[in-house]
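Novice: Per UniProt numbering, residue 1 is the first one in the sequence shown, and the count goes up by one each step.
All residues carry an ideal CB built from backbone N, CA and C; glycine is no exception.
In this text the structure is predicted, and so the values were computed from the model without any measurement.
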Amino acid sequence: MTFNGAWKVDRSENYEKFMEQMGVNMVKRKLAAHDNLKITIEQTGDKFHVKESSNFRSIEIDFTLGVTFEYSLADGTELSGAWTQEGDVLKGNFTRKDNGKVLTTTRIIQGDEMIQSYSYEGVEAKRIFKRG
Numbered sequence: 001m002t003f004n005g006a007w008k009v010d011r012s013e014n015y016e017k018f019m020e021q022m023g024v025n026m027v028k029r030k031l032a033a034h035d036n037l038k039i040t041i042e043q044t045g046d047k048f049h050v051k052e053s054s055n056f057r058s059i060e061i062d063f064t065l066g067v068t069f070e071y072s073l074a075d076g077t078e079l080s081g082a083w084t085q086e087g088d089v090l091k092g093n094f095t096r097k098d099n100g101k102v103l104t105t106t107r108i109i110q111g112d113e114m115i116q117s118y119s120y121e122g123v124e125a126k127r128i129f130k131r132g
């Protein structure tokens, strides 16, 4: 599958502003900007196994497209939502448990990069990953 493999964060666009909008404090925002995030994705049909490892934590997530699941961000924010796939685009729609606001995420492969885009309360950001 297109997303399968290991991905290491290469660069970010507007990520600190996005985290600020999410309510992440300044110290955590500064640290997160240099988290060395690596994502390993294994897709089998509509099922995904994702490993996320960074300077802060390592977690493994299993989900099925279109099925709601629980997830916690690195700062502890708890979400509930689901991923769907439209063509070559993965789309995540997650609702924060603390305030009911929606975070949307997309993942798309362009060349040798995976672009993960975020949108929350009018602020958008991107993290660009390279295979490796």
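Which whole-angstrom value describes the C-beta separation of N55 and N36, a residue pair presumed to lie in contact below a C-beta threshold of 8 Å?
Specialist: Yes, they are in contact, since the Cβ atoms of N55 and N36 sit about 6 Å apart, within 8 Å.
Novice: How far does the beta strand (DSSP E) with F3 in it extend, from its first residue to its last?
Specialist: Counting along the chain, F3 falls outside any beta strand (DSSP E), and DSSP gives it neither H nor E.
Novice: By the 10 Å Cβ neighbour count, where 16 or more other Cβ atoms means buried, how is I39 classified, buried or exposed?
Specialist: The residue is buried, with at least 16 neighbouring Cβ atoms inside 10 Å.
Novice: Tell me which residue opens and which closes the alpha helix (DSSP H) that R29 is part of.
Specialist: Residues M26 to A32.
Novice: Rounded to whole angstroms, what's the CA-CA distance from Q21 to A125? Just pull it up for me.
Specialist: Rounded to the nearest angstrom, the two C-alpha atoms are 11 Å apart.
Novice: Identify the continuous alpha helix (DSSP H) that holds K17 and give its terminal residues.
Specialist: Its alpha helix (DSSP H) spans residues Y15 to M22.
Novice: Going by beta carbon distance, what residues of the same chain come within less than 6 Å of S72, once the five residues before and after it are set aside?
Specialist: Within the same chain, S72 has close Cβ partners E78.
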